[in-house]
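First comes the structure, then the notes that go with it.
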Amino acid sequence: MREATIIANVKIAVIDEDVIVRDFIVSTLMYSVNREVLTFDNGFDAWVSFEEKGFPDMIIADVNLQEIDGLVLVSKIKEASPETVMVLFSDSPENEIRAREQGADAFLAKPFGVNELFNLVQTFVVEQDPAGDSSTHV
Amino acid sequence: MIRLGSKPENMREMELDDIFISRLQLLIIMTKSYLNKYPLGSYRERSILENAELVKVDAVGLAEDIAFFGSHEDFHNGLNFEPVFYQRVKLLAVMAEAFAKGHSLEEHKQEALEKNLNTICETITFSKTISDMQFLKVA
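The listed protein sequences correspond, in order, to chains F and V. Per the numbering used here, the very first residue in the first sequence carries number 223; after that it's consecutive. Per the numbering used here, the very first residue in the second sequence carries number -19; after that it's consecutive.
What follows is the structure in structure tokens.
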């Protein structure tokens, strides 16, 4: 049986102006990967930070953001850092279609919970070791 | 693109009650992981402490709402628990804070923790088992 390991020094960012939802996502992800999770309350600050300090492995962003919204952010980030996983979330079905068109890797439909966030980690952050080596990479 | 979360017809903004239930589910997973002796780590400890504190504050507030208004049905969409449920959630949060701070729980306290956890899980619908989450076994 293959053993699960987490991408070494995985870097995750969460962007949402709703601090209650954002903090819930951060708590769940921080617990999952046992790493600091970057947070931003608008798309512009996030973009500036990524350009200066490097792009995360995974970004989870609300579609509705000030200055640079989530849909624009997906196209900018996919152009600058194609390997970064982009996850968008929204309470609007129309935004799911737009997210797909912009090239998002995943869409979280609100309301979502712990299971969906764990599924994101399992899908995009966990590496399957083909040798079955159970040692951790982190 | 993968899709997760609510069906299109059920999509809506997340309410405080949604966050309370989700944070409680996270606390349950954190506690089950502890009881299964999965590794912690500084960020996991921090996450447990923050989550336990928020769940505790919400549980106390919701219990006070019941004491004042008599029922949640009119103003908390979907939440209709007995007052004792919130006392159990508060106890779970306090115990989680204890193990996250490194206080070892003696055997009888671990049994009490497990019993409390099982009672809470019987009250809320929650299907996830931690065996599904292999990544929790590494820190």
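Beta carbons are placed, not taken as given, at the ideal position from N, Cα and C, and that holds for glycine.
Closer than 7 Å at the beta carbon, the chain V residues around residue i
i: G238/F; result: First, the residue type needs correcting, since residue 238/F is Asp and not Gly in the sequence shown. Result: empty, since nearest Cβ-Cβ is about 10 Å, beyond 7 Å.
First and last residue of the uninterrupted beta strand (DSSP E) at residue i
i: S312/F; result: V307 to S312
i: E(-17)/V; result: Per the sequence presented here, residue -17/V reads as Arg, with Glu not at that position. I(-18) to G(-15) is the extent of the beta strand (DSSP E) around R(-17)/V.
i: T345/F; result: Looking at the DSSP string, T345/F is not in any beta strand (DSSP E), and its letter there is neither H nor E.
i: I234/F; result: I234 to I237
Close Cβ partners of residue i (< 8 Å) along its chain, the five nearest in sequence each way excluded
i: L85/V; result: M75, A78, F79 and L93
i: P(-12)/V; result: none
i: M(-6)/V; result: none
i: V285/F; result: D291, G292, L293, L310, F311, S312, S314, N317, R320 and A321
Best match in the options for proximity to residue i [C-alpha to C-alpha]
i: S(-14)/V; options: R322/F, D327/F, A328/F and D313/F; result: D313/F
i: D365/F; options: F340/F, Q344/F, N256/F and E289/F; result: Residue 365/F lies beyond the range of chain F shown here (223 to 360); nothing can be said about it.
i: E318/F; options: T306/F, K300/F, V296/F and S303/F; result: V296/F
i: K233/F; options: A321/F, E274/F, L287/F and E258/F; result: E258/F
i: F340/F; options: M(-6)/V, S2/V, R(-8)/V and E(-7)/V; result: S2/V
i: M(-9)/V; options: E316/F, W269/F and L342/F; result: E316/F
i: G325/F; options: Q344/F, L342/F and K300/F; result: K300/F
i: N98/V; options: V69/V, E25/V, V118/V and H88/V; result: V69/V
Close Cβ partners of residue i (< 7 Å) along its chain, the five nearest in sequence each way excluded
i: E102/V; result: none
i: E61/V; result: Correcting the residue identity first, residue 61/V is Phe in this sequence and not Glu. Excluding residues within five positions, the ones whose Cβ falls inside 7 Å are T103.
i: L29/V; result: E77 and A80
7 Å Cβ cut-off: residues of chain B touching residue i
i: S254/F; result: Absent from the structure: chain B. Protein chains present are F and V.
Extent of the continuous alpha helix (DSSP H) run through residue i
i: A321/F; result: P315 to Q324
i: L93/V; result: E87 to T103
6 Å Cβ shell around residue i - same chain, five flanking residues per side excluded
i: I(-1)/V; result: none
Beta-carbon neighbours of residue i, restricted to chain F and to distances below 8 Å
i: D(-2)/V; result: P333 and G335
i: N31/V; result: S249 and Y253
The ligand FAD heavy atom lying under 7 Å from the CB of residue i
i: N31/V; result: Among the components modelled here there is no ligand, and therefore nothing to report on the ligand FAD.
Residue i: contacting residues in chain V (beta-carbon distance under 8 Å)
i: S271/F; result: Correct list: empty, because the minimum Cβ distance to chain V is about 20 Å.
> Is it a yes or a no for the region 39 to 51 of chain V touching the region 258 to 265 of chain F, going by three-plus beta-carbon pairs under 8 Å?
Replying inline: no
>> Three or more C-beta pairs under 8 Å: does that hold for the region -16 to -2 of chain V against the region 269 to 289 of chain F?
In response: no
>> Under 8 Å: do the region 329 to 345 of chain F and the region 244 to 259 of chain F share three or more Cβ pairs, one atom per stretch?
In response: yes
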